[in-house]
Amino acid sequence: MQQRVDANGHVPKAALKPYPNFNADHDAEVLKKAMEGVGTDEAMLIEILGHRTSSQRVQIASRYKALYGKDLRDDLDSELSGDFGELVDLLFFTPAELKAEICYRAIRGLGTDEDALVEVICTSTTEELKQLKEDYAKGKLVSTVETYPCEIY
1 MQQRVDANGH
11 VPKAALKPYP
21 NFNADHDAEV
31 LKKAMEGVGT
41 DEAMLIEILG
51 HRTSSQRVQI
61 ASRYKALYGK
71 DLRDDLDSEL
81 SGDFGELVDL
91 LFFTPAELKA
101 EICYRAIRGL
111 GTDEDALVEV
121 ICTSTTEELK
131 QLKEDYAKGK
141 LVSTVETYPC
151 EIY
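Taking UniProt numbering, the leading residue of the sequence shown gets 1, the next gets one more, and so forth.
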């Protein structure tokens, strides 16, 4: 597996480290309470989701489903809107899924955001590009080609 290095030859460290004393059941309960009643406690959503790693958020979503029989992402989507809602949804994407989404958005509609495509391609390892290709093909490529065939060529 290729390892990323910055311009100075250093290996970058993750900005978000696993939350100490992580408890997926507790976090699922707190998120459920934050969405109950009138309005949503967005500060609590930020406190939980913004301080958990991607794998911890996946565990929270799994426990939420087990505890409440509902999909956490669906519940969050019904409670939130706008840029904040979109951001919260993107927090549940794997890195490869996120890159696939960036590529999809870069080529959908009229015009292409070449800068976004170049950034994704140039900052990805060979393995990440293979996964990106698979994730992109799963969800977006077929519909993109059918909708915007002239932009692919």
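Even for Gly, the Cβ is constructed at its ideal location relative to N, Cα and C.
Note that the structure is predicted; figures quoted are calculated from it, not measured.
**Request:** For the segment 70-139, list the alpha helix (DSSP H) runs that are entirely contained and at least 4 residues long, ordered along the chain.
**Result:** 72-79, 82-90, 95-107, 114-122 and 126-136
Residues near R73 in its chain [Cβ-Cβ closer than 8 Å; skip 5 each side]: A61, D89 and F92
Review point. How would you call D27, buried or exposed, if buried means at least 16 neighbouring beta carbons within 10 angstroms?
Key: buried
Worksheet entry | Where residue 205 sits in the DSSP three-state scheme | The chain is shown from 1 up to 153; residue 205 falls before or after that span and cannot be answered.
- Task: Figure out for me which residue from A96, I102 and N23 has the closest Cα to the Cα of K130.
- Result: A96
When the Cα atoms are used, what is the spatial distance from L16 to A100?
22 Å
**Item:** Alpha-carbon spacing of T123 relative to G37, whole angstroms
**Value:** 43 Å
Can you tell me whether DSSP reads D27 as helix, strand or coil?
helix
Next on the checklist: I believe R63 touches A116 by the beta-carbon criterion, under 8 Å. Please report the beta-carbon distance rounded to the nearest angstrom.
Outcome noted: Rounded, the Cβ-Cβ distance is 34 Å, inconsistent with contact.
For the candidate residues L49, A106, E127 and G39, whose alpha-carbon lies nearest to that of V118? A106
- prompt: Can R57 and L45 be called in contact, C-beta distance under 8 Å?
  reply: no
Helix or strand or just coil, what does DSSP make of Y19? coil
- Assign R63 to one of three DSSP states: helix, strand, or coil. helix
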